[in-house]
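Protein chains in written order, with this note's numbering: chain E, 123 to 482; chain H, 127 to 283; chain A, 768 to 926.
Even glycine gets a Cβ: it sits at the ideal position worked out from N, Cα and C.
First comes the structure, then the notes that go with it.
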Amino acid sequence: MRRITIPIGPQHPLLKEPVSFLLDVEGEQVLDSVLRLGYVHRGIERLAQERSYVQIVHLVERVCGICSHVHTTTYCKAVESLMGLEVPERGVYLRALLCELERIHSHMLWLGVLAMNMGFDTVFMYAWRDREIVLDMMEDLSGGRVSHAVNVIGGVRIDLDEEQRKDMLARLAQLEQQVLRAKNVVEHERSLRARTEGIGILTPEQAKQYCVVGPVARASGLDMDLRRDMPHLPYSELDFEVITHDAGDVWARTLVRVLETVESVHLCRQILENLPDGPVSVRAKRRAPEGEAITRTEAPRGEVIYYVRGDGSESPARLKIRTPTLTTLITLPEQLRNVAVADVSVVLSGVDLCIACADR
Amino acid sequence: MTTQEITKVTQPSRLGTLRRSIVRWARRRSIWVLHYNSGGCNGCDIEILDLLTPRYDVERLGILKEGSPRHADVLLCTGPVTRQSRARLAQIHAQMPEPKWVVAVGSCATSGGVFQGGINVLGGIDQVLPVDLYIPGCPCRPEAIIDGIVKLVELIP
Amino acid sequence: MTARKDSAIDPPHYESGAIKEQIVPALQTAFPDDILDVQTMPVDETVTVVRVEGVRQIIRHLVEELDVLHLSTITGQEIEEGIELLYHFWRGSGLTLRVVLPLDALEVATVTDIIPGAAFYEREIVEMLGVTFAGHQDPLRLFLPDDWDGPPPLRKERS
């Protein structure tokens, strides 16, 4: 049988962002694939060397639209460590509240996109409709649906009064109902399971060798979650479970993400009920002293790591960002081996690609 | 030729006017869009995709999101154009059949946004294609995108 | 089956004091000539300065003997003395290996055969800083376009 090359991307109905896969196909089976990144490379690390610390908060939020708050949180934590600032507890809790709301938002978005790419438009419509509850909550907190601009160096710029807090708790109860319904559909709907089980398998050894992080690693059995492994406020005071699975296929990843969404709803409720009093930020100077700092955070897709080096001026000498999607992209040629062409869309959706994050 | 004969020759026939007005009615009420991200952060793209969902539901306005450039009337483009995306953007535009319109969604597509001056960034869709409508915002709200598309309809002859 | 916490194949063993108390002293005992200094960096990161020639064997020892498997990323930056590479590892807390390459000898051995996940990080440093990783199988462009003809973007311009 002849081998042909099927190109996926940069413009493709499956993809929301430009990335190029060239699939080497014989009959119905994919034998090999070549990945080409860089279509979204905007040179953020180099732009950061020319901007001040305050301007970079705005720049770094636009690395990715879906996990924008996590990027600013990690960056602000790094600069605060460099400057020796300590954010007040209420500010830390509010940052975490938005991180968890963003995790819920990202996972529901992903569920809708997976369903749409499988042809299951009903779940897409329901998931994105329920996602609007989260977007409304984030808009009430910060003023923006997708990009919030909540973090400043030294804390956050928003606050909640008692009435808003009660209103958020009521909406959270409504959201929990919808999330539990989505969990019910995912666990019991046989067509979804049939299309995702046994496809795109990543063994635990491969996951360790490729240094995979996030729900993809947890679905292959690796028990790693920075919210628990790196003791920091407020997660050290909250009660939550880390979800893992041992199958390593797209079905395992679906289950892990849906159950993580339920855990995030519990976390949001705990944060809102135990919000400490006090200020939400401290004043920060414009210049950071000479020094270096490394921070890590658990984004919806895994571990985000930032390295900042200051040289005493208003701009950093170096800003390095590594996002979790880069660790899963390197495993895609392995996952796509011997997969049928009709299942390629499921595999590509299963890893939750965020190319804007990977390319920066 | 007498004045009466010239007037009879230069007036369009009634059948031609009817056909033209049916085509115009159909074009204005069913705009099929193609979405392409030329290097943006994804914020505007998820708001564009949000238009299809039950809250905003643009399908009731006749707008459908297509997968192929050959079926689309309007190209909804986001992102500051990166050097690698430029060739594909021009190719997609060339593959769309006439009449076609280009809408630049978001601040990055309008002018490069926050990435102006980046080494790999060209700075806006109008560096590559002729743009008919600009919708600023970082990211654009879905209401702004719907408002923009409605204004585009008025541009359709 | 539903996902359960105890279905994890790798039980958690990431104690937060492991790097300072066990791993770094073990490295200092095994490679006394290659480890030049031990520093700390916020937040909870231990930095070990190593010689260029010792990078590969230290990383092999970390992965195969000391069970430090997770490489977060490799950072490269230009400083006065040359190009500095930082290999960021994680096991309970952070461990960074700092290596300085002089400007006239920008070459270091690859670690992609020990840690396949390092491939993308090394390719990025090749194109952004102009460093060579001896032995890397596939040093193609990763993020920059194929027709990029300027200097490596993260190097300072020299007039």
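Sorted by chain position, which residues of the same chain lie with C-beta nearer than 7 Å to residue i's C-beta, five sequence neighbours on each side aside?
i      : result
E/S228 : I188, C189 and P422
A/L833 : I790 and A793
H/Y260 : A230 and T236
E/T419 : V192, T195, T196, L348 and V426
A/A797 : H828
E/R431 : E414, P438, A439 and R440
Distance cutoff 9 Å, beta carbons only. Does residue i sit that close to anything in chain A?
i      : result
E/R225 : no
H/N168 : no
E/K330 : yes
H/N163 : no
E/T417 : yes
H/I245 : yes
E/M346 : yes
E/C333 : yes
E/S155 : no
Check the Cβ-Cβ distances between residue i and every residue of chain E, and say whether any is below 9 Å.
i      : result
H/P206 : yes
H/E173 : yes
H/Q284 : The structure shown has nothing for residue 284 of chain H, since chain H only spans 127 to 283.
A/L852 : no
H/I157 : no
A/V810 : yes
H/P195 : yes
A/K772 : Here A/K772 scores only 44 on pLDDT, less than 50, and its place in the model should not be relied on; the value that follows carries that caveat. Yes, A/K772 lies at the interface with chain E (some Cβ there is under 9 Å from its Cβ).
H/V184 : no
H/P180 : yes
H/R153 : no
Measure how close the beta-carbons of residue i and residue j come, nearest whole angstrom, since I'm counting them as under 8 Å.
i      : j      : result
E/T376 : E/T318 : 6 Å
E/G424 : E/G336 : 2 Å
E/E172 : E/S437 : 7 Å
E/V209 : E/V404 : 7 Å
H/I251 : H/C203 : 5 Å
A/R865 : A/V814 : 6 Å
H/G289 : E/P140 : There is no way to answer for residue 289 of chain H, as the model of chain H reaches only from 127 to 283.
E/H163 : H/T208 : 6 Å
E/E167 : E/R482 : 7 Å
E/M240 : E/V468 : 6 Å
Using a Cβ cut-off of 9 Å (strictly closer), state whether residue i contacts chain H.
i      : result
A/G917 : yes
A/L911 : yes
E/A218 : no
A/P883 : no
E/F246 : yes
A/P920 : yes
E/Y161 : yes
E/A478 : yes
Got a sec? Which residues, its chain only, sit under 6 Å from residue i by beta carbon, not counting five neighbours each side?
i      : result
H/L255 : H219 and V228
E/M238 : F246
E/P129 : L144
E/L397 : Y215
E/T383 : I226, H229 and V301
E/L236 : S471
H/I148 : none
Which of helix, strand or coil does DSSP assign to residue i?
i      : result
E/D146 : strand
E/P129 : strand
E/C186 : coil
E/L153 : strand
E/S403 : strand
H/Y162 : strand
E/K138 : coil
E/K199 : helix
E/C476 : coil
H/C170 : helix
E/A304 : helix
H/C264 : coil
A/W915 : coil
Spell out the partners DSSP gives residue i in its beta bridges.
i      : result
E/P438 : E/G432
A/R858 : A/S860
E/V274 : E/G277
E/F362 : DSSP, once it has assigned bridges, lists no residue as partnering E/F362.
E/G424 : E/A421
E/I416 : E/Y429
E/R317 : DSSP output for E/R317 lists no bridge partner at all.
Kindly list the residues whose CB is nearer than 8 Å to the CB of residue i, restricted to its own chain and excluding five residues on each side of it in sequence; keep chain order.
i      : result
A/I846 : V867
E/R379 : H229, W232, L233, P337 and D474
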